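Trainee: Here's a structure for you.
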Amino acid sequence: MAKEAAVFAGEVRGEVEKVTWPDKPQLRNATLVILVFVAIVALLIGALDMILQWVLVTLPGRG
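First residue of the sequence shown? That's 19 in the working numbering, and the numbers climb one at a time after it.
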């Protein structure tokens with residue numbers, strides 16, 4: 019079992035060495051894109067929450 023784990027670890031290391039890692043500018047740009055996307059989605063969810071809250075508070079009083 020230990021031998022198989024060692025073989026697996028060696029294969030994983032070999033695969034990781036094949037990976038093309040992004041350089042700092044690419045990493046910075048990708049991080050910025052993700053942060054902007056997350057901020058936009060958070061604003062949309064917050065706006066939708068406020069609208070639905072208003073609807074649920076307002077509609078029952080109209081009946």
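Yeah, the Cβ is synthetic: ideal placement off N, Cα and C, and Gly gets one too.
In this text, all values refer to a predicted model and were calculated from it rather than measured experimentally.
1. How about Ala48 and Pro40: are their beta carbons less than 8 Å apart?
2. Reducing DSSP to helix, strand and coil, say where Asp67 ends up.
3. Return the CA-CA distance between Thr76 and Asp67, expressed in angstroms with no decimal places.
Mentor: For this structure:
1. Looking up residue 48 in the sequence shown gives position 30. Looking up residue 40 in the sequence shown gives position 22. Yes, the Cβ-Cβ distance between Ala48 and Pro40 is below 8 Å.
2. In the sequence shown, counting from the first residue as 1, residue 67 sits at position 49. Helix.
3. Along the sequence shown, read from residue 1 onward, the residue named residue 76 stands at position 58. Along the sequence shown, read from residue 1 onward, the residue named residue 67 stands at position 49. Approximately 14 Å, taken between the alpha carbons.
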